[in-house]
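Here the structure is laid out as structure tokens; the discussion comes afterwards.
Residue numbers (the working numbering): 7 to 117.
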């Protein structure tokens, strides 16, 4: 299905790396910071000081950002951990499907 490179790595792993890098950029770019597209990004940073009750809004924000800007994948779950948000740390685990196969992605942001 995917061509092999001379070094033995498949093009498929490059695609997964590209998708994960794209998710990094989407989630860590504050909304409004891109001149060409003010809607690009995610309000992830706004949740660092929020209580646990903000988790549904966080999930909705991440879902909307990924679904709009990374259309190659289908999100299957989002598991945020905001237990350290008061200390300026937020951890998110995403599961997504690409070409029928499940992949994991994790991001930790610190203020």
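All C-beta atoms, glycine included, are put in the ideal place defined by N, C-alpha and C.
Are residue i and residue j close, meaning C-beta to C-beta below 8 Å?
{"i": "residue 25", "j": "residue 78", "result": "yes"}
{"i": "residue 35", "j": "residue 46", "result": "yes"}
{"i": "residue 84", "j": "residue 56", "result": "no"}
Taking residue i as part of the alpha helix (DSSP H), name the residues at either end of that continuous run.
{"i": "residue 18", "result": "17-34"}
{"i": "residue 74", "result": "61-75"}
Run through the DSSP bridge pairs and tell me what residue i is partnered with.
{"i": "residue 87", "result": "97"}
{"i": "residue 105", "result": "Looking at the DSSP assignment, residue 105 forms no beta bridge with any residue, so it has no partner."}
{"i": "residue 112", "result": "99"}
{"i": "residue 80", "result": "103"}
Once the 5 residues before and after residue i are set aside, which same chain residues still bring their CB inside 6 Å of it?
{"i": "residue 114", "result": "97"}
{"i": "residue 104", "result": "79"}
{"i": "residue 50", "result": "33"}
{"i": "residue 40", "result": "46"}
{"i": "residue 111", "result": "26, 29 and 100"}
Considering only the alpha carbon of each residue, which of the options lies closest to residue i?
{"i": "residue 101", "options": "58, 48, 95 and 65", "result": "65"}
{"i": "residue 71", "options": "17, 22, 38 and 117", "result": "38"}
{"i": "residue 53", "options": "41, 43, 42 and 67", "result": "67"}
{"i": "residue 108", "options": "82, 91 and 44", "result": "82"}
Could you pull out every residue in the same chain whose Cβ sits closer than 8 Å to the Cβ of residue i, ignoring the five residues on either side in sequence?
{"i": "residue 75", "result": "28, 32 and 46"}
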